[in-house]
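One structure is given here, and the rest of the page talks about it.
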Amino acid sequence: MKPLRMKITGSGNGIESKNAVEGSSPAIPELEKTARKIRRLILTMIHAAGSGHPGGSLSACELAVALYFGVLRHDPRNPSWEGRDYVLFSKGHVAPLQYACLAHAGYFDESHLKTLRKLGSILQGHPNMHKTPGVEVSSGSLGQGLSVACGLGAGLKIQKAQNRVYCILGDGELQEGQVWEAAMSAAHFKLDNLCAMVDANGVQLDGPVADIMGVEPLVDKWRAFGWHVIEIDGHDFNRILAAYGEAEKTAGKPTAIIARTVKGKGVSFMENRAEWHGKAPNDEELRAALAELEGGAAR
Amino acid sequence: MSASVARFEMKPTRFGYSEALLALGREDDRIVVLDADLAKSTTTERFKERFPGRFFDMGIAEQNMLGMAAGLSLAGFVPFVSTYGVFLSGRAWDQIRTTISYGGLNVKLGGAHGGLSVGPDGATHQALEEITLTRVLPGMTVLVPADYQETIKATRAAAAVKGPVYIRFGRAPVPMVTRPEDPFMIGKANTYREGGDITIISTGAMLAPALRAADNLASRGIQARVLNMHTIKPLDVDAVVRAAKETGGLVTVEEHQINGGLGGAVAECLVENFPAPMERVGIRDTFGESGEPDELQESYGLTAEEIEAAARRVIERKGPR
Ligand SMILES: Cc1ncc(C[n+]2csc(CCOP(=O)(O)OP(=O)(O)O)c2C)c(N)n1
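Protein sequence lines, in the order shown, are assigned to chains U and G. When we follow numbering that gives the first Met the number 0, the leftmost residue of the first sequence carries the number 0, and every step to the right adds one. When we follow numbering that gives the first Met the number 0, the leftmost residue of the second sequence carries the number 0, and every step to the right adds one.
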C-alpha cells in the first residue's frame, strides 16, 4: 500500500511548508491596490504579447485577487505543497489574470510576464501545468475545469484532507454541456470542499451571452443542480470575501458564487464590449487604459 | 514462444481487465475506478463490490468522467476509466487530449467492447477507430492485448506506467492463445511463430486467426513469422524492421479500421525505415453492422483464409528471390 496524502489538520498548518500563507483577512484597501496592479500587469502583458484576452481577465480580477491574496492557503515558493488549496481556471483564456496573480504572489519573477505567448516562454497562451509554477491543470478547451475540480474534490475527500478546491468559470462557458455534467456530479458526491465561481459578465466572444445562447436564470439553475448558491457583485471585495467564507462553512453541498461583473472592468472603452474579449491594446490604447487605472488609484 | 493452433479455451478479455483491477485494488490504495453506467458490461462492477469507496459510477456522462479522473490523478490517485471504447475514445476525445494527454496525467483508459465484439448492437457500438484516435496523442501508450491472460498483464503494466494509457479489450469470448508465463513488456512484440518467408503481425484477438493462417501456409511450404503486437504505441520498430529485412514482406491483421490503426502504424514505420511489400487485413474504411461477432469477422474478412490470401499476394509482390 502506497501512502496517501498526509492528513491535514487545521488550515495551512505549514508542517511541510514554512512559507505557507495562511488565509487571513487583509484590509480591503490593500486588496483594491493589488487589484489595480494586477489590472496593469494584465494590460501590459497582453500589449507586449500582441494578443490575448483582456475582457474576461479584467472582469474576474477581484474574484482572483480576493482568492490569491485573501483566502488561499498556499506557498508560492513551494507550489506543490500538499496542504495547499487548489485554484483551477476552467476559463483558461484568462491566463493573463492567473499569471499576474501568480507573479505578484511570488510563484515566479514578474519579468516573465513580458514573455507571454512568446516561443519558449513559461507563460503559454493558455495555462500549462508543466511550464508555469502554480498552474494546477492545463486548460483552454472550455467546459472541462469543473470536472477536474470534482475529481480533486472527491480525491481529497477520500484522503480526508482539508484542502479546498476553487474553480473559475465564464458565463458563456456554461453553454458547454460538460459543465452541467460536472455540476450534477459535484452535488451527487456532496463535494463541499468545492467552490465554483461564475464570472457572470454577460458577454462572450461573439456578443452578449443573452443574445448568443442565454444561460439564465443562473441562480435557479445551480440551485436546481443541488448547489449552495451565492449571488454577489463580483467587484465588491466585502461581498467576495464574505461569499468565500460562506462557501467554506457550507457543509454537504458544493457552493457556486454567481459573481455579477463587468467585462473589461476598469477600462471604460473595454467595458461591456465583446470586441475586447480577445484583442490586445495598441500603444495608445494601453497608455489610455493605464492612465485610467492610475486615476482610479487617486480616487 | 511457439503456440499450437489446436484448440484454445475461450474467455472474454474484459474479465481480464476487472481481474487485474481487483488485484491492483488490493495492492495499491491509489487505484480508483470510474465507469459511466456500464459497470456490468465492462465488468468493473466487481471492483465496485470489493472497493465501494474507490469506485465512482459517473452516470452517462463520459466527458465529465474523464475530467473527474484527471482531477483524481492530480490528487495522487491512479484512476482507471472504463466504458465502451467507442464512447471513451470518441465522445471524450478532447478531454483525453487537452486535459489528460497534454498534462501527461496518470489516467488509464479502459476501452471495453473493442472491435466487432459487441456484435448485434451494431455499428453505433462497435469500436473500430480507437487505436487511431488514441495513438496520435503525444505521450499516450496504446495496448491491445490478445486474450484474457494478456489483458491481465496489460492492465497491470498500464498501472506501472506513469502517464496516460489506453487499453482495448472486448466483450465476446476469444481464444486464450497466450500463456500465463509469457512475458509482457510494453513496446515489445511477442513472437508466436518463427518463419523466414513472410511476417504476419496481429493485434488483439486476431492472434488466433493469424496463427491458423500461418499453419495453413506452412502446410504449403511457406514459413510465416507471427508477431503479436500487443503494444501499438510505442511501436516495436525494431521487430517490424527486422521482420521486413528477414522475411521481405508483411501482413497486418486487426479488428479495427486499417487506416491509422496497426496497419497504419506499421506502414509508417516501414516507409521511414525499410520499405517492403505489405498488406493490411482489417476493416476497410466502412462502418460495421449487426450480427454475431464471428459472423461479422467472416463478413468483414477477418479470417485465417483472408490472412493467408493476403500473405500470398505479398509473397508474389516480393518477386523471385
Ligand atoms: C471548447 C471551446 N470552444 C471555444 C473556445 C473559444 N473561446 C475562447 S473564449 C470564448 C468565449 C468565452 O466566454 P465566457 O465563458 O463568457 O468568458 P469570458 O467572458 O469570461 O471571457 C470562446 C468561445 C474555447 N476556448 N474552447
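No residue lacks a Cβ here, since even glycine has one placed at the ideal position from N, Cα and C. Note that the structure is predicted; figures quoted are calculated from it, not measured.
Here THR198 of chain G carries a strand assignment [DSSP, helix/strand/coil]. The beta carbon of GLY150 of chain U sits closer than 8 Å to some beta carbon of chain G. Between the region 278 to 286 of chain U and the region 70 to 85 of chain U, the count of Cβ pairs shorter than 8 Å is below three; the stretches do not touch. Below the 7 Å Cβ cutoff, chain U contributes SER137 as neighbours of TYR101 of chain G, in chain order.
Pairing ASP34 of chain G with ARG311 of chain G, the inter-Cα distance amounts to about 44 Å. Within chain U, SER146, GLN177, GLU180, ALA181 and SER184 have C-beta atoms less than 7 Å from the C-beta of ASN63 of chain G, given in sequence order. Below 8 Å, too few C-beta pairs join the region 105 to 124 of chain U and the region 144 to 162 of chain U to call them touching: fewer than three.
Relative to GLN222 of chain G, the option among G:LEU108, G:ILE257, G:ARG192 and G:MET175 whose CA is nearest is G:ARG192.
Minimum Cα-Cα distance from ALA308 of chain G among the listed residues G:VAL280, G:TYR101 and G:GLN296 corresponds to G:VAL280. For MET228 of chain G, the closest Cβ of chain U is not nearer than 8 Å. Boundaries of the alpha helix (DSSP H) harbouring ASN272 of chain G: 261 to 272, taken from the DSSP string. Cβ neighbours of VAL117 of chain G within its own chain (closer than 6 Å, five residues either side excluded): HIS124, GLN125 and ARG170. Nearest CB-CB separation between MET128 of chain U and chain G: below the 8 Å threshold.
Flagged as an interface residue toward chain G: LEU155 of chain U, by a C-beta distance shorter than 8 Å. Close to chain U, meaning a Cβ-Cβ distance shorter than 8 Å, are the following residues of the region 5 to 31 of chain G: GLU26, ASP27, ASP28, ARG29 and VAL31.
Annotation for VAL208 of chain U indicates a beta carbon within 7 Å of some heavy atom of ligand 1.
Between ARG53 of chain G and the set G:SER289, G:GLU61, G:THR43 and G:TYR83, the nearest pair of CA atoms involves G:THR43. Separation of MET64 of chain G and GLY262 of chain G (C-alpha to C-alpha, rounded to the nearest whole angstrom) is 31 Å.
The three-state secondary structure of HIS92 of chain U, taken from DSSP, is helix. Here the distance from the Cβ of GLY142 of chain U to the nearest heavy atom of ligand 1 is below 7 Å. The Cβ-Cβ distance between ALA255 of chain U and TRP221 of chain U falls below 8 Å.
C-alpha of PRO292 of chain G to C-alpha of ALA145 of chain G: approximately 16 Å in a straight line. Contact between LEU173 of chain U and VAL214 of chain U holds, with the beta-carbon distance rounding to 5 Å and staying under 8 Å. Burial check for ASN237 of chain U: the Cβ neighbour count within 10 Å stays below 16, so the residue is exposed. For TYR165 of chain U, the enclosing beta strand (DSSP E) begins and ends at 164 to 169. In the three-state reduction of the DSSP assignment, LYS187 of chain G falls in the strand class, which pools E and B.
For secondary structure counted as the beta strand (DSSP E) over 3 or more consecutive residues, the region 234 to 263 of chain G holds these complete runs in sequence order: 249 to 256.
In this structure, the C-beta of LEU42 of chain U stays at least 7 Å away from each heavy atom of ligand 1.
Of the other Cβ atoms in all chains shown, 16 or more fall within 10 Å of the Cβ of PRO53 of chain U; this residue is therefore buried.
Judged by beta-carbon spacing, THR190 of chain G lies within the 8 Å limit of ARG224 of chain G, meaning their Cβ atoms are closer than that value.
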